[in-house]
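So for the sequence shown, the working numbering puts the first residue at 54; every next one is plus one.
What follows is a single structure, written as C-alpha cells, with notes after it.
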Amino acid sequence: MRGNDERGQDLKADEVLVGADGSRTGQEAADWAAQRANGRGLRLHLVRVVPAPWYYRVPAEYGKAVAGAEVLLGLERDRVAERHPTLPIGTNWHPGEPALVLSLLSVGAEIVVIGSDRSADSRGEGFGSVSFQTAVLCQSPVAVIPAPSVAGRTGVVVGIDGSVDSELALKMAADEANRMGESLTVLHAVSKVLPPAAAGSRTEPGYSRKPDPRTLISEAAGNMREKFQSLTVYEALESDDSPADVLIRAAEQASLLVIGCWGRGGLRKPIGSIAEKVLMRLPCPTIITRPAPRPAADSGTQLQLPRVTYGPTRGGTRG
C-alpha cells in the first residue's frame, strides 16, 4: 500500500473522518466518530498520518513507520468493528503533517474528529497541538474529543451571539441534541465590558447589528423549538467578562458543546478568540462549526490517496 497512489479517491460528505494515532484520546475520538457515523448512516474513515520520507535519516525507517501505521489501522479498525459490526469502516495512511493532511481531506468530509492531544498551559503554550492546528485549518466542522470520558454527562450546549457563524452552530447543536435524544441549552454571554460605540455597525459577512440579548436568545430558542417540536430547549443568559469562561462552565457536565469558529469579531482570523480559549480548556466533546468552503483556485496542491474499500468489519485500504 502506498500513501500517494495514482488512483486517488476523494472523501465524500457521507464519511466521518477521524485521525488515528493509537493514543487513549485517539481511541475516544474513534469511538465517538463511530457512534456518530453509525447513528447517521455514514461511513467511518480512519486515517493515520506518518512523517514524510525526508524526515527519516535512514530510508528503511520510513518503511517501518508505514508498516506500523498499517498495523495500527488494522487494530483500530477491528476494535471499532467489534463494537459496531455493521458500520462500513475504511482505513488508509498518508505521509505529511497530521493537521495539514486532515485539513486537505476535510473539504469532502461530513466532519473531522480528533482526540485532544494536549492542552495549553497557564502561559498559553499548547497551540502547537495537533488538535488545535486541525481545528484551525479544517474547512469542515471539527469535533475535538477529550479524555477520559465522564459518565453521567447529559445535554447539548451551544453558544450564540447573533452572528452568521453562531446561527450555523445553533442549527447543528439542535440537530445533534435531537438525534441524541438530549436537551439543548442555548447560551448567550453578555460581556460586562461595554464594546466600542461602533461595534454594532460593521457590515462584513457574519457581522450584523447586535440585537437585544433577551430577544436574541428567545428567538433562537423559539426557532429550534418550532423546528424540533419534541426537543427540550433551555435558555441561558449570562454576564461575564469572558464568554469563553461561561461556555466552559456551562458545558462541564454536558455531552456536547457546539460553537462557531468566528463569532462577532471584526478580524477574520482562522479561528475566533472564544473558540481558541475553549479549545485550550476543553470541558467536554466540542464541535467547532464552519461555513461551507468557498471554491478556491487550483493551487497545484492535491492530496492523492489510495482507493479505499469499505466493509462492515473489514474496511482496510487496498492499494
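Glycine residues also receive a C-beta, built at the ideal position from the N, C-alpha and C atoms.
Are the beta-carbon atoms of V119 and L97 separated by less than 9 Å?
-> The beta carbons of V119 and L97 sit no closer together than 9 Å.
Exposed or buried, what is G56 when buried is set at 16 or more other beta-carbons lying within 10 Å of its beta-carbon?
-> The pLDDT assigned to G56 is 45, lower than 50, so where the model puts this residue is not dependable, and the model offers no usable value.
Among all the DSSP beta bridges, which residues are the ones paired with N145?
-> Answer is V100.
Can you tell me whether DSSP reads L158 as helix, strand or coil?
-> If DSSP states are grouped into helix, strand and coil, L158 belongs with the helices.
Note down the Cα distance separating L157 from A304, rounded to an integer number of angstroms.
-> Rounded to whole angstroms, the gap between the alpha carbons of L157 and A304 is 30 Å.
Where Y287 falls: helix, strand or coil (DSSP) | Under the three-state reduction of DSSP output, Y287 falls in the strand class.
L269 to S169, Cα distance in whole Å?
-> Take the alpha-carbon of L269 and the one of S169: they are about 32 Å apart.
What are the boundary residues of the alpha helix (DSSP H) that A242 is part of?
-> For A242, there is no enclosing alpha helix (DSSP H); the enclosing beta strand (DSSP E) has its first and last residue at 237-243.
DSSP bridge partner residues for V209 (one or two, in chain order) = The beta-bridge partner set that DSSP reports for V209 consists of L237, L309.
Boundaries (first-last residue) of the alpha helix (DSSP H) holding L332 = For L332, the uninterrupted alpha helix (DSSP H) run begins and ends at 326-333, by DSSP.
Exposed or buried, D265, counting other C-beta atoms within 10 Å across all chains shown (16 or more means buried)?
-> By the Cβ-count criterion, D265 is exposed, with fewer than 16 other Cβ atoms from all chains shown falling within 10 Å of its own Cβ.
Express the C-alpha separation of H147 and S302 in angstroms, rounding to a whole number.
-> The identity of residue 302 in the sequence shown is Arg, whereas the question assumes Ser. If you take the alpha carbons of R302 and H147, they lie about 38 Å apart.
Just how far apart, CA to CA, sit G79 and L240?
-> Their Cα atoms are separated by approximately 29 Å.
Backbone CA spacing between S295 and G325 [nearest angstrom] | So the two alpha carbons sit approximately 13 Å from each other.
For A222, I'd like the list of residues in its chain whose CB is within less than 6 Å of its CB, leaving aside the five on either flank, ordered along the chain.
-> Only V211, V311, I312, G313, T342 meet the Cβ criterion.
Selected residue, minimal CA-CA separation from Q192, among A200, A162, S182, P199 = Minimum Cα distance to Q192 is reached at A162.
Keeping to the same chain, check which residues put their C-beta closer than 6 Å to that of G75; ignore five residues upstream and five downstream.
-> Within the same chain, G75 has close Cβ partners L125.
Environment of T139 [buried if 16+ CB atoms lie within 10 Å] = By the 10 Å Cβ count, T139 comes out exposed.
State buried or exposed for R130, treating a residue as buried only when at least 16 other CB atoms are found within 10 Å of its CB.
-> When all chains shown are included, R130 counts as buried.
Leaving aside the five residues before and after I340 along the sequence, list all residues of the same chain whose C-beta is less than 6 Å from its C-beta, in chain order.
-> If we look at I340 and ignore the five residues flanking it on each side, its Cβ neighbours are P194, A196, V311.
Count the other CB atoms within 10 Å of the CB of A66; is the residue buried (16 or more) or exposed (fewer)?
-> The residue in question, A66, is exposed, as its Cβ has fewer than 16 Cβ neighbours within 10 Å.
Go ahead and pull the three-state DSSP assignment for S184.
-> In this structure, S184 counts as helix in the three-state DSSP scheme.
If you compare alpha carbons, which of A289, L99, S308 is closest to D214?
-> Taking only the C-alpha atoms, the option nearest D214 is A289.
Flag this pair as yes or no: are the beta carbons of A200 and V133 separated by less than 9 Å?
-> When the beta-carbon positions are compared, A200 and V133 stay at least 9 Å from each other.
Does the distance from the CB of S159 to the CB of L190 come in under 9 Å?
-> At the C-beta level, S159 and L190 come within 9 Å of one another.
For A82 versus V166, is the C-beta distance shorter than 9 Å?
-> Pairing A82 with V166 gives a Cβ-Cβ distance under 9 Å.
Using alpha carbons as the reference points, say which of E68, R77, P151, I142 lies closest to P104.
-> Considering only alpha carbons, the answer is P151.
Thinking C-beta only, is N145 closer than 9 Å to R52?
-> Residue coverage of the chain in this structure runs from 54 to 372, which leaves residue 52 outside it and unanswerable.
Would you mind reading off the limits of the alpha helix (DSSP H) that contains G168?
-> Not the alpha helix (DSSP H): G168 falls in the beta strand (DSSP E), residues 164-168.
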